[in-house]
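Working notes, beginning with the structure itself.
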Amino acid sequence: RVAPREAPRVAQPPGVRAAVAVPAAAAAAAGCGLPRRPLIVTLGTRGDVQPFLPLCRAMAAAGWAPLLTSLAPFAPLAAAAGVNFAPLVEGEGAAPPPVDDPSEGFFHG
């Protein structure tokens, strides 16, 4: 087993505010050495984003620093859950796809 070492703090990307701070000491105390920073990318509707919120919270509780990325309209949902979030696309033009999109042909045979 490798002895834990003090991990450097990693700066957040511009425009990303940390909802959960994970200091290097917490990562070292958890025995994982450098902090684990998983990136979770999802694209779609709320049903594609919401299941990742409890996962991110559990990771944060374990001393990890997950970052959830999706469309900007889901930022308030992530913030309400206390999850770090970064938009995949900047700007107000990004929107979730319509659930019943006629171009899919699935429901409009």
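The opening position of the sequence shown corresponds to residue 903 in our numbering, with each subsequent residue numbered one higher.
Yeah, the Cβ is synthetic: ideal placement off N, Cα and C, and Gly gets one too.
Query - Nearest residue (CA-CA) to Ala964, options Arg938, Pro998, Glu992 - result: Arg938
Query raised in the report: What separation, rounded to the nearest whole angstrom, lies between the Cα atoms of Pro968 and Leu945?
Result: 17 angstroms
Query - 8 angstroms Cβ cutoff met for Leu973 and Pro956 - result: no
Query raised in the report: How far does the alpha helix (DSSP H) with Val951 in it reach, from first residue to last?
Result: 948-951
Query raised in the report: For the candidate residues Gly949, Ala982, Ile942, whose alpha-carbon lies nearest to that of Cys958?
Result: Ile942
Query raised in the report: When we look at the beta-carbon of Val991 and count the other beta-carbons within 10 Å, is it buried (16 or more) or exposed?
Result: exposed
Requested in this report: Count the other C-beta atoms from every protein chain shown that fall within 10 angstroms of the C-beta of Ala980, then say buried if there are 16 or more, exposed otherwise.
Outcome: buried
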